[in-house]
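To start, the structure under review is shown below, and the notes come after it.
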Amino acid sequence: MPQGTRLYIENRNTISVGDGSPTTIDVPVMPGIIHGNDWEYAEGGTLASRAVMEAAIEKVEIQVASNVFSTFLVPDLLKMNDFYGHNFVDGFLSQMFSQDYRQNAFDAERTAFVPGAHRAPKFRIFINAGRVSPSLKNHLIVEGVSDAGRNKIASMPDDTVRPLIRHEVETITLTDTGNVATIFKYEGRTEGIRSLNFEGANITGIVIKVNGVEKYAYKSLARLNELLMQSRAVANPQSDTWHINFELLGGSLDGVYRPQYGGFSPDDIEIEIYASDTTNVRLLSELYDKPKSRTQA
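Residue numbers (my numbering): 74 to 370.
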């Protein structure tokens, strides 16, 4: 479907910037795909540093048919950009849909955003109150498609919807330490789990059991990080986070963990967390799901 030429364009739809209130902008329903989204943010004419970006912007959202598909907290976006090797540039809050480290162009684009397949796709960004002279622009990395692709998007939107990343965040209360694990039941329901990112410098080991069977057991953060760095991606693990990234550990997008067997029943997922103290652990899940198409909304 793609033509192969990527363009970097400004989203010219109206942006009304106001601190303390959300800014919503229509996604251009172009006959093509979006590889990445850049928010250009400045205060008083100066492009925002990373610290200013985190202080100024609370979160961004993807909306489809007036419903929130996913919310992304700014520190989480920046953290995962760091992990995947997308370096921060002053003034630009980036969100990547395609992943160019994958084995080929087809794989790289399997999670691109096809706005024409959805009803009323929008981005929303939340700027905190009290900012001084904030300004905002939106830029998109886009790629056109062939005439056949345009016709397919228009006539069969269900077939052109791609799975998009969404984030879920939860806090895990630890009750045990040492050789006794805290058992956490993972109940996130999704088409696929890209990664589970456990934030906690006190973690000493993680075991994941699926339907009562041990499937993943990492008792060394150093070894987990080494496995991640052997993947095709530019993986940059953080010292306080156990990045159990199924996509990278599995070697491709098909390595994503799918928590349903036979397409019907959800897996029973239990996570054992070993730790040196009972400081809470924060879990950031990267999930793949398909937003509703135009015919489903």
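Glycine included, each C-beta is placed from N, C-alpha and C at the ideal position.
- The continuous stretches of beta strand (DSSP E) do not include Lys152, which lies in the alpha helix (DSSP H) extending over residues 147-156.
- Closest in C-alpha terms to Arg367, from the list Arg267, Gln136, Ile107, comes Gln136.
- Taking 9 Å as the cut-off, the beta carbon of Ile346 is found no closer than this to the beta carbon of Ile317.
- Runs of the alpha helix (DSSP H) lying entirely within the stretch 304-358, each at least 4 residues long, are 319-322 in chain order.
- Going by DSSP, Phe179 is part of the alpha helix (DSSP H) stretching over 178-181.
- The three-state secondary structure of Leu247, taken from DSSP, is coil.
- With 16 or more other CB atoms across the displayed protein chains lying within 10 angstroms of its CB, Val133 is buried.
- Between Arg267 and Ile245 the beta-carbon gap is near 19 Å, outside 8 Å, which marks them as no contact.
- In the structure shown, Asp232 adopts helical secondary structure according to DSSP, grouped into three states.
- Close CB contacts of Ile276 within its chain, under the 6 Å cut and outside five residues either way in sequence, are with Trp315, Ala348 (chain order).
- Residue environment for Glu116: buried (at least 16 other C-beta atoms within 10 angstroms of its C-beta).
- Judged by DSSP secondary structure, Met169 falls within the beta strand (DSSP E) whose first and last residues are 165-169.
- Under the three-state reduction of DSSP output, Glu299 falls in the helix class.
- Asn270 has His316, Leu357 as its beta-bridge partners, per DSSP.
- According to the DSSP assignment, Val280 belongs to the beta strand (DSSP E) that extends over 276-283.
- The shortest CA-to-CA distance from Asn353 to any of Gly273, Thr96, Ile279, Leu294 is the one to Gly273.
- Excluding its 5 nearest sequence neighbours in each direction, Val141 has C-beta neighbours in its own chain below 6 Å: Glu134, listed in chain order.
- Per the C-alpha coordinates, the member of Gly189, Leu151, Lys210, Glu299 positioned closest to Glu127 is Leu151.
- For Glu134, no alpha helix (DSSP H) encloses it; the enclosing beta strand (DSSP E) starts and ends at 130-137.
- In its chain, beyond the 5 residues on either side, Met126, Glu127, Ile130, Glu131, Lys132, Leu166 have a beta carbon closer than 7 Å to the beta carbon of Val147.
- Glu287 sits in a strand when the DSSP states are folded into three classes.
- With the rule of 3 Cβ pairs closer than 8 Å, the stretch 353-364 does not count as touching the stretch 281-293.
- Scanning its chain for C-beta atoms nearer than 7 Å, with the 5 sequence neighbours on each side dropped, one finds around Gly278 the residues Tyr291, Lys292, Tyr347, in chain order.
- The distance from the Cβ of Leu209 to that of Tyr114 is about 6 Å, consistent with a contact at the 8 Å cut-off.
- In the DSSP assignment, Asp99 falls within the unbroken beta strand (DSSP E) covering 95-99.
- Of the residues assessed, Gln303 falls on the exposed side of the cut-off, its CB having fewer than 16 other CB atoms within 10 angstroms.
- Within the same chain, and ignoring the five residues on either side of Gly105 in sequence, the residues whose Cβ sits closer than 6 Å to its Cβ are Val215, Glu216, Gly217, Val218.
- Under a 10 Å Cβ-count criterion, Pro95 is classified as exposed, with fewer than 16 other Cβ atoms of the shown protein chains found around its own Cβ.
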